[in-house]
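S.K.: Read top to bottom, the protein sequences are chains A and B.
Quick note: the first sequence, position 6, residue 6 per UniProt numbering, numbers continuous.
Quick note: the second sequence, position 144, residue 144 per UniProt numbering, numbers continuous.
Beta carbons are placed, not taken as given, at the ideal position from N, Cα and C, and that holds for glycine.
Protein chains: 2
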Amino acid sequence: MREIFEAELQQIGDDLAEMSRLVESAISRAGTALLTADLQLAQSVIAADHAIDQLERELDERCVLLLAQQQPVATDLRVVVSALRMSSTLERMGDLARHIAQVARGRYPHRAIAPAAEATFAGMHEAATGVAQRTTTLLTTRDLAVASTIEREDDTLDLLHQDTFAALLNETWDGTAQQTIDVTLVARYYERFGDHGVSIARRVVYLVTGDFAEERGVTTP
Amino acid sequence: MREIFEAELQQIGDDLAEMSRLVESAISRAGTALLTADLQLAQSVIAADHAIDQLERELDERCVLLLAQQQPVATDLRVVVSALRMSSTLERMGDLARHIAQVARGRYPHRAIAPAAEATFAGMHEAATGVAQRTTTLLTTRDLAVASTIEREDDTLDLLHQDTFAALLNETWDGTAQQTIDVTLVARYYERFGDHGVSIARRVVYLVTGDFAEERGVTTP
Numbered sequence: 001m002r003e004i005f006e007a008e009l010q011q012i013g014d015d016l017a018e019m020s021r022l023v024e025s026a027i028s029r030a031g032t033a034l035l036t037a038d039l040q041l042a043q044s045v046i047a048a049d050h051a052i053d054q055l056e057r058e059l060d061e062r063c064v065l066l067l068a069q070q071q072p073v074a075t076d077l078r079v080v081v082s083a084l085r086m087s088s089t090l091e092r093m094g095d096l097a098r099h100i101a102q103v104a105r106g107r108y109p110h111r112a113i114a115p116a117a118e119a120t121f122a123g124m125h126e127a128a129t130g131v132a133q134r135t136t137t138l139l140t141t142r143d144l145a146v147a148s149t150i151e152r153e154d155d156t157l158d159l160l161h162q163d164t165f166a167a168l169l170n171e172t173w174d175g176t177a178q179q180t181i182d183v184t185l186v187a188r189y190y191e192r193f194g195d196h197g198v199s200i201a202r203r204v205v206y207l208v209t210g211d212f213a214e215e216r217g218v219t220t221p
Numbered sequence: 001m002r003e004i005f006e007a008e009l010q011q012i013g014d015d016l017a018e019m020s021r022l023v024e025s026a027i028s029r030a031g032t033a034l035l036t037a038d039l040q041l042a043q044s045v046i047a048a049d050h051a052i053d054q055l056e057r058e059l060d061e062r063c064v065l066l067l068a069q070q071q072p073v074a075t076d077l078r079v080v081v082s083a084l085r086m087s088s089t090l091e092r093m094g095d096l097a098r099h100i101a102q103v104a105r106g107r108y109p110h111r112a113i114a115p116a117a118e119a120t121f122a123g124m125h126e127a128a129t130g131v132a133q134r135t136t137t138l139l140t141t142r143d144l145a146v147a148s149t150i151e152r153e154d155d156t157l158d159l160l161h162q163d164t165f166a167a168l169l170n171e172t173w174d175g176t177a178q179q180t181i182d183v184t185l186v187a188r189y190y191e192r193f194g195d196h197g198v199s200i201a202r203r204v205v206y207l208v209t210g211d212f213a214e215e216r217g218v219t220t221p
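#1: Buried or exposed, going by whether 16 or more other CB atoms sit within 10 Å of the CB of Asp-182 of chain B?
#2: Give the range of the alpha helix (DSSP H) segment to which Ala-166 of chain A is assigned.
#3: Please check the pair Ala-147 of chain A and Ala-201 of chain A, which I expect to be a contact at CB under 8 Å, by giving their CB distance rounded to whole angstroms.
#4: Pick out whichever of B:Gly-13, B:Phe-5, B:Ala-7 has its Cα sitting closest to the Cα of Thr-137 of chain B.
#5: Where do the ends of the alpha helix (DSSP H) carrying His-50 of chain B lie?
#6: Would you say Gln-78 of chain B reaches chain A, if we count a Cβ-Cβ gap shorter than 8 Å as a contact?
#7: Please list, in chain order, all residues of the same chain as Gln-102 of chain B whose beta carbon is under 8 Å from its beta carbon, the five residues on each side excluded.
#8: At which residues does the alpha helix (DSSP H) containing residue 227 of chain B begin and terminate?
#9: Do the stretch 70–79 of chain B and the stretch 61–74 of chain A make contact, defined as three or more Cβ pairs closer than 8 Å?
#10: List the whole-angstrom C-beta distance separating Ala-90 of chain B from Leu-16 of chain B, where the pair is believed to meet the contact cut-off of C-beta under 8 Å.
#11: Looking at the secondary structure, which residues open and close the alpha helix (DSSP H) in which Ala-117 of chain A lies?
#12: Check Gln-102 of chain A in the structure and name its three-state DSSP category.
#13: With a cut-off of 8 Å on the beta carbons, I'd call Leu-169 of chain B and Tyr-190 of chain B a contact; round off their distance for me.
#14: Within the 8 Å Cβ cut-off, does Phe-165 of chain A reach chain B?
#15: What is the residue span of the alpha helix (DSSP H) that His-196 of chain A lies within?
#16: Can you find a C-beta in chain A that's less than 8 Å from the C-beta of Ile-46 of chain B?
#17: Spatial neighbours of Thr-135 of chain B within its chain, please: C-beta separation below 6 Å, excluding the five flanking residues on both sides.
#18: In this structure, does DSSP put Thr-89 of chain A in helix, strand or coil?
#19: Distance check for Glu-24 of chain B and Glu-18 of chain B, CA to CA, integer angstroms please.
#20: Check the Cβ-Cβ distances between Asp-14 of chain B and every residue of chain A, and say whether any is below 8 Å.
#21: Using only alpha-carbon positions, find the residue among A:His-50, A:Ala-167, A:Glu-171, A:Glu-6 that is nearest to residue 223 of chain A.
#22: With a threshold of 7 Å on Cβ separation, who are the neighbours of Arg-192 of chain B within its own chain once the five nearest residues in sequence on each side are excluded?
#23: Please work out which residues of its chain come closer than 6 Å, Cβ to Cβ, to His-99 of chain A, disregarding the five sequence neighbours upstream and downstream, and give them in chain order.
#24: Can you give the Cα-Cα distance for Leu-22 of chain A and Leu-139 of chain A, rounded to whole angstroms?
#25: Let me see if you follow: with CB-CB separation under 8 Å, is Ala-117 of chain B close to chain A or not?
#26: Count the other C-beta atoms from every protein chain shown that fall within 10 angstroms of the C-beta of residue 233 of chain A, then say buried if there are 16 or more, exposed otherwise.
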């Protein structure tokens, strides 16, 4: 019985890591598509999102079956419940990558991001890709040092998010209304993406150490 | 054993309804604060959000305990897992109401919403309040007719969301960059609020009928 349970748990861990790899690829390609106005790349991100959604459904079904058949308690139970939450978070991260790709596609053949904000979004692209890569590493290795790196990358995203507002409100900003909308929304997508990465990092820390720092502002706007 | 389980399940249902009532109050007051630049009302929404977060944590803890102690299977198990998901959705709806209140507070003593977009946001306020009220009704009564009403209110929110883009991109739009940002973000908050209401509606329909229409675009941007 225990062996079956361990194997099932391993499979759930592998599925989470696989979802995270797909999210990593999606956010990286979405950011490049956005910065370079690459239509094909944007479309590939949009087309690939269903695979993440599908993986979430399978993983959830597997978790519910595991709860029903193995009736885990204590730590085992928390691992399964956390997996349910993390799969939903990863699915949402995939959606945010898709939203960024949709903005890139919507403005093609132009670049969505006005030149004045390009450097900021290059920074967000780098930080968000870092969050995604480290999320995969954390889910694979459970190395808690990686969790703090995710928190720092998220801090970077928050600062860059503030920078976008500063740029938009500066009197030198001469973007069109469409450019103002795009900067506002895409910066928000990146900022949320970072929050979700932090949410996963804290869940893994909780599972490993029993200390959950949910109160520390994961859900701030 | 079964009696204890039923009582626990009833308590979880009551907690979800209570969370929904708090969300209903939050979104209604946030919208009024936004449209009338009412600082005190905005602050009351922001201050009250922690009660929703607290209720979510208690509810989650109760669900995990129930899974551990009662080891439900089949439908009972799905009810508990759905409650975990719905509490997280309601918590997020509370956050969105708080974000709207934060925009109202940030622009005080001015109104955040430019006059040209006021009518649209009055409509979003009404539709979102409708979604929240009906979510409470649905969670209390399990009356599936209410679920379709939530879907229709969400369709209204989506249309009004599109209207805000049309207004911002119209050549007659003469709002400041701050007003463009606020219209863009608050419209997005309302649109997401509606999506979350639909997500709860579909979960309740699934629990009652066994038919889950997750694929029908809940997570579209």
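M.R.: Concretely, from the data shown:
#1: Within the second sequence, residue 182 of chain B is the residue found at index 182, counting from 1. So Asp-182 of chain B ends up on the buried side.
#2: Walking along the first sequence from the start, residue 166 of chain A turns up at place 166. Segment 144–169, the alpha helix (DSSP H) holding Ala-166 of chain A.
#3: Working through the first sequence from its first residue, we reach residue 147 of chain A at position 147. Working through the first sequence from its first residue, we reach residue 201 of chain A at position 201. So it is a contact: roughly 4 Å between Cβ atoms.
#4: Your numbering for residue 137 of chain B matches position 137 in the second sequence. Of the residues B:Gly-13, B:Phe-5, B:Ala-7, the one whose Cα lies closest to the Cα of Thr-137 of chain B is B:Gly-13.
#5: By one-based count along the second sequence, residue 50 of chain B stands at place 50. Run containing His-50 of chain B: 39–70, per the alpha helix (DSSP H) assignment.
#6: Here residue 78 of chain B corresponds to residue number 78 of the second sequence, with the count starting at 1. Looking at the sequence provided, one finds Arg at residue 78 of chain B rather than Gln. Chain A, which has a Cβ nearer than 8 Å to the Cβ of Arg-78 of chain B, makes this yes.
#7: Against the second sequence, residue 102 of chain B aligns to sequence position 102. Here Gln-102 of chain B has Ala-42, Ile-46 as same chain residues with Cβ atoms under 8 Å from its own Cβ, once five neighbours each way along the sequence are excluded.
#8: Here chain B comprises residues numbered 1 to 221, so residue 227 of chain B is not present and cannot be evaluated.
#9: Touching, yes, given that three or more Cβ pairs across the two stretches are closer than 8 Å.
#10: In the second sequence, the residue the question calls residue 90 of chain B occupies position 90. In the second sequence, the residue the question calls residue 16 of chain B occupies position 16. In the sequence as displayed, the identity of residue 90 of chain B is Leu instead of Ala. In this structure, Leu-90 of chain B and Leu-16 of chain B form a Cβ contact; the two beta carbons are roughly 7 Å apart against a cut-off of 8 Å.
#11: Numbered from its first residue, the first sequence carries residue 117 of chain A at position 117. First-last for Ala-117 of chain A: undefined, no H or E at that position.
#12: In the first sequence, residue 102 of chain A corresponds to position 102, counting from 1. Looking at Gln-102 of chain A - three-state DSSP - the assignment turns out to be helix.
#13: Within the second sequence, the letter at position 169 stands for residue 169 of chain B. Within the second sequence, the letter at position 190 stands for residue 190 of chain B. Your pair Leu-169 of chain B and Tyr-190 of chain B does not check out as a contact, with CB atoms roughly 18 Å apart and the cut at 8 Å.
#14: Taking the first residue of the first sequence as position 1, residue 165 of chain A is located at position 165. Output row for Phe-165 of chain A: interface = yes.
#15: Stepping through the first sequence from its first residue, residue 196 of chain A is reached at position 196. That run of the alpha helix (DSSP H) goes 177–209.
#16: Working through the second sequence from its first residue, we reach residue 46 of chain B at position 46. Chain A contact via Cβ: absent.
#17: By one-based count along the second sequence, residue 135 of chain B stands at place 135. If we look at Thr-135 of chain B and ignore the five residues flanking it on each side, its Cβ neighbours are Ser-20, Gly-197, Ile-200.
#18: Locating residue 89 of chain A in the first sequence gives position 89, counting from the first residue. Three-state DSSP puts Thr-89 of chain A in a helix.
#19: As a first step, residue 18 of chain B must be located in the second sequence, where it is residue number 18. As a first step, residue 24 of chain B must be located in the second sequence, where it is residue number 24. When rounded, the distance between both Cα atoms is 10 Å.
#20: Indexing the second sequence from 1 puts residue 14 of chain B at position 14. Closer than 8 Å: no.
#21: With chain A running from 1 to 221 in the structure shown, residue 223 of chain A is simply not present.
#22: Taking the first residue of the second sequence as position 1, residue 192 of chain B is located at position 192. Excluding sequence neighbours, Arg-192 of chain B sits near Leu-96.
#23: Looking up residue 99 of chain A in the first sequence gives position 99. Answer for His-99 of chain A: Tyr-189, listed in chain order.
#24: Reading the first sequence from its first residue, position 22 is the one you call residue 22 of chain A. Reading the first sequence from its first residue, position 139 is the one you call residue 139 of chain A. Rounded to whole angstroms, Leu-22 of chain A to Leu-139 of chain A spans 13 Å at the Cα level.
#25: Your numbering for residue 117 of chain B matches position 117 in the second sequence. With 8 Å as the cut-off, Ala-117 of chain B does not count as an interface residue toward chain A.
#26: Because chain A is modelled from 1 through 221, residue 233 of chain A falls outside the range shown and cannot be assessed.
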